[in-house]
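J.:
In this note's numbering, the protein residues as written are 3 to 437.
1) Between residue 81 and residue 44, is the Cβ-Cβ spacing less than 8 Å?
2) Have a look at 178, 100, 155, 95 and flag the residue whose alpha-carbon is nearest the alpha-carbon of residue 114.
3) Beta-carbon of residue 253 versus every beta-carbon of chain C: anything under 8 Å?
4) Run through the DSSP bridge pairs and tell me what residue 386 is partnered with.
5) Quick one: residues in its chain with C-beta nearer than 6 Å to the C-beta of residue 83, no 5 flanking neighbours on either side, listed in chain order?
6) Which residue's Cα is closest to the Cα of residue 277: 206, 31, 266, 243?
7) Less than 8 Å between C-beta atoms, sequence neighbours within five positions excluded: which residues of the same chain meet that for residue 124?
8) Closest to residue 2 by C-alpha separation, out of 104, 120, 132, would be which residue?
9) Comparing alpha-carbon positions, which option in 383, 266, 399 lies nearest residue 390?
10) Closer than 6 Å by C-beta to residue 372: which residues in its own chain qualify, once you throw out the five before and the five after it? Chain order, please.
11) Check whether the Cβ atoms of residue 173 and residue 183 lie closer than 8 Å to each other.
12) Could you tell me whether the Cβ atoms of residue 246 and residue 203 are closer together than 8 Å?
13) For the alpha helix (DSSP H) containing residue 200, list its first residue and its last residue.
14) Is residue 338 buried or exposed, if buried means 16 or more other CB atoms sit within 10 Å of its CB?
15) Report yes or no: do three or more beta-carbon pairs, one from the stretch 48-63 and one from the stretch 16-33, lie closer than 8 Å?
16) Below 8 Å between beta carbons: does that hold for residue 423 and residue 417?
17) Enumerate in chain order the residues of its own chain whose CB-to-CB distance from residue 41 is below 8 Å, with the five nearest sequence positions on each side excluded.
18) Roughly how far, in whole angstroms, is the beta-carbon of residue 272 from the beta-carbon of residue 237, given that I think they are within contact range, below 8 Å?
19) Relative to the alpha-carbon of residue 130, which residue among 160, 99, 217 has its alpha-carbon at the smallest distance?
20) So, at 7 Å on beta carbons, what are the nonlocal neighbours of residue 258 in its own chain, with the 5 sequence-adjacent residues on each side left out?
Dropping the structure here:
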């Protein structure tokens, strides 16, 4: 801890001891509290900063300064103060650490402009709840943050869909050379999705066609900011610079574009156009020197393009042969697949036949001894059991008894009674067999 020099009194500066530093820090903190209560937040920040310097171990000074910064809507400064307080916090300072996390989350929520921005705030609130699980305010704020994140996510989804609709319409109008209408749709797409670089590139193209070069240059620069690997951003910027007569800047821009997109023919053509304009310019000697400076790099990039074209041509030939072979093989594979499916269907049908045959055999084995009438040898329709224990066709046995017989048709033994009992089990088996 560095010594602090007191400047009070008339005897010159002297070094403050640890106790005096703490007392001085407390005075600064009290002054900061007084200023904060009077809504003099800037003065409060100064007092809390002095207190934090005098007593670095007291993280409440940093949290109070963060709160004052938050009251002035200086949310980034608030987050920095909270992070520093958390870095200094000792394990025993649980309540202060929870307060720092809560305050940091509030600042992050104020800074949030998309769904993803809510995630660190939600994490901070969850960490604060772990330290102080019973804090109702923190729990309520966590619920609100999650709902806000969901709302942002839903709005972003709707904006993405609307942006795509406007972009598709803009591209359609661009193909029809209706540049003003296309520019309006790209503008609507940008409003709903301001971080998609191609919308800026395509609007820049419309603005170039409408001779609105300063705005086109702004869009081209924004496209490059969002994606510095997209060649079309450099192309739009280079073309605007050519039209505006800034040939040196155009050369540098287009060369940068070729570094990211060496096979872009439009950029190569832009360089050729720039070279042609230079030859026609009055101060062509001075500009030509700048072109010569890039000439070797341009020639190398042109050579790369030529090699890429040859490679692409060979690749196309190989791809066509491969596609033909793949098509032939695909036909054969399809035939084989169809044959396999037919075989599988036949196997399935055969398996079902086996099951039905086995089931029928089981039924036949079960009813074999009573399957036909023992007198007529016909399949029974209405099997009934007589007193002799044998099963007969109902019509036959009733006629037998009606004719005055009182003995069994098979054994000729006298029947104890003439009552007939339906053989339901046999009837069920016969019906199942018939099916």
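Built from N, CA and C at the ideal position, the CB exists for glycine as well.
T.: By the coordinates alone:
1) no
2) 155
3) In the structure shown, chain C cannot be found, because there is only a single protein chain.
4) 394, 424
5) 64, 67, 68
6) 243
7) 107, 144, 147, 148, 151
8) The question about residue 2 has no answer, for the chain in this structure spans 3 to 437.
9) 399
10) Unreliable placement is indicated for residue 372, whose pLDDT of 49 sits below 50; the coordinate value is still reported in the next sentence. If we look at residue 372 and ignore the five residues flanking it on each side, its Cβ neighbours are 393, 428.
11) no
12) no
13) 199-211
14) exposed
15) yes
16) no
17) 73
18) 6 Å
19) 99
20) 236
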